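For the sequence shown, our numbering begins at 232 and goes up steadily by one.
Step one of this worksheet: look at the structure below.
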Amino acid sequence: MSSEMHSPRGPVTRAVVTGGAGFVGSRLCEALLDAGAEVVCVDNLLTGATDNLGALRGRSALRFVRSDIAEEGFTAPAARAALRPGVDLVMHLASPASPVDYLEHPLETLDVGSRGTRAALDLAQDHGARFVLASTSEVYGDPQVHPQAEEYWGNVSSVGPRSVYDESKRFAEALVSGYRRALGTDTGIVRIFNTYGPRMRESDGRVVPTFIRQALAGEPLTVAGDGSQTRSLCYVDDTVAGLLAFARSGHPGPMNLGNPYELTVRQIAEDVIGATRSRSRIVHVERPVDDPGMRCPDITLARTELGWEPAVTWPDGLSRTVAWFRRRAQEAA
């Protein structure tokens, strides 16, 4: 972790968000617009969806560009036109982020973590913009240190099925660090822990939407293994607030963003059953390869440097998320 001095950036006037039509990316676009920034949202819609931007339709400060930055960089005519006035912040969130997605799209995941990250870094370097990489707690792998602080190097398999995501993010972190050292690019790395909330896809395979979908349908909730493995769940609004605070701080990172309130997977399932008032029962299924046994962030650095910590409690965030999924199910009926 870098100990160098850093200077806060001024207000963001024009931002690029890669992966901006995704679950977290769309909320980030919304928050930037609310803060008065113009936003260029770039997404190839591999796992994102324009529906996530529905609440932002009609806002003239938003420009959506459908483009694959791993293949085209920012050379597509629509991207060049959108970027012509310049940018002062590049938030790089583009990547499949759930096991279902990156196992289905392994090469695309590796490409966006490597070529896509370099294209986004070049854009920031060319414009003198602040660059923020949305990395992941997956860089810690199945950790042998608990909770996980930024100094921990991780326990990761480079050849396992999850490695396409883990290693793409680890390489992206190395690339970002190289640009900072070699070119003086104003870069920062945040490691996002499990985030949940409205706009998650019910079929994306992550624990919260999977359990909510199953509970609302009256299906058994499928808990992997004995359910004693832990997760720390951060509501999306808190994650977005942390991302924006980090972007403005000028801090190089890496910095953990997550909720240190730790839950077992079985407890999450039981809480979802209670929040949905479902009659579903819990069944146990085989645990996936390389599924981490513990996942909990040490957020001392974020508290100290940003004055940030999660504000939304798990019961409150779960209630909001269940309500959103329930509305979606009713609209689809």
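Idealized CB from N, CA, C, for every residue including glycine.
Just so it is clear, the structure is predicted and the values come from calculations on it, not from any experiment.
- Out of 459, 451 and 292, the CA that lies nearest to the CA of residue 510 is found in 451.
- Listed as beta-bridge partners of residue 466 by DSSP are 427.
- The beta carbons of residue 374 and residue 385 sit closer together than 8 Å.
- With respect to the C-alpha of residue 283, the residue from 394, 482, 430 and 381 having the closest C-alpha is 430.
- DSSP, reduced to helix, strand and coil, places residue 397 within a helical segment of the structure shown.
- Taking a C-beta distance under 8 Å as the contact criterion, residue 497 and residue 454 qualify as a contact pair.
- Inter-residue distance for residue 467 and residue 551 is about 11 Å (C-alpha atoms, whole angstroms).
- Taking C-beta separations shorter than 8 Å and ignoring five residues to either side along the sequence, the partners of residue 324 in its chain run 248, 249, 250, 251, 253, 255, 256, 259 and 365, following chain order.
- The C-beta distance from residue 263 to residue 270 rounds to 5 Å, short enough to meet the 8 Å contact threshold.
- Sorting 483, 448 and 442 by C-alpha distance to the C-alpha of residue 409 places 483 at the top.
- By the neighbour-count definition (other C-beta atoms within 10 Å, threshold 16), residue 516 is an exposed residue.
- Separation of residue 326 and residue 348 (C-alpha to C-alpha, rounded to the nearest whole angstrom) is 10 Å.
- For residue 455, no alpha helix (DSSP H) segment is defined; the enclosing uninterrupted segment is the beta strand (DSSP E) at 452–455.
- Restricted to the stretch 288–337, the beta strand (DSSP E) segments that are unbroken, complete and at least 3 residues in length are 293–297 and 320–323, listed in chain order.
- The beta-carbon separation of residue 320 and residue 246, rounded to 4 Å, stays under the 8 Å limit for a contact.
- Ranking 557, 357 and 378 by CA distance to the CA of residue 415 puts 357 first.
- By the neighbour-count criterion, in which a residue is buried when 16 or more other Cβ atoms sit within 10 angstroms of its Cβ, residue 329 is buried.
- By DSSP's assignment, residue 486 forms a beta bridge with 421.
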